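Have a look at the structure below before the remarks.
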Amino acid sequence: MKTTYTSKAARAALALGAALALFTALPTSTAYAANGTFFYHSPQSGDLEMEDPDNGECRLLLQGADSALNQTDTKATLYFDQGCEEPAGTLLPGQSKSFGAPIPHSVQFG
């Protein structure tokens, strides 16, 4: 009976070791950042920018943006709301756009 217990313990240790080896072989982060700068103008705060913003993260545009310039290497989608749910438009790398009312209040890259 002790042999069976040791055998199960050995198999469990082997499985744990294999899982640990697989886990450490995976990349540490699947999030990537857009390379470059996203510029925007806020009616209240003036000219603002985001440097190398993370892809997939909803970013707040401080007090909204009446114009934007995407100088990153990634598509930027602007949203009217603060939670990236109501699309206002997309800026491909190198594109710029001016906005009338309503103005976008958030952006997401990727």
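Read in order, the letters of the sequence shown correspond to residues -33 to -1, 1 to 77 in mature numbering (1 follows the signal peptide of the UniProt record, and there is no 0).
We put the CB at the ideal spot given by N, CA and C, even for glycine.
These numbers were taken from a predicted model, which means no experiment stands behind them.
May I have the straight-line CA-CA distance separating residue i from residue j, to the nearest angstrom?
i	j	result
residue 61	residue 49	24 Å
residue 47	residue 75	12 Å
residue 66	residue 1	23 Å
residue 57	residue 7	14 Å
Under the three-state reduction of DSSP, which class applies to residue i: helix, strand or coil?
i	result
residue 14	strand
residue 35	strand
residue 56	strand
residue 29	coil
residue 22	strand
residue 68	coil
How is the beta strand (DSSP E) around residue i delimited, first residue to last?
i	result
residue 75	73 to 76
residue 43	43 to 46
residue 6	3 to 9
Measure how close the beta-carbons of residue i and residue j come, nearest whole angstrom, since I'm counting them as under 8 Å.
i	j	result
residue 73	residue 27	6 Å
residue 18	residue 4	5 Å
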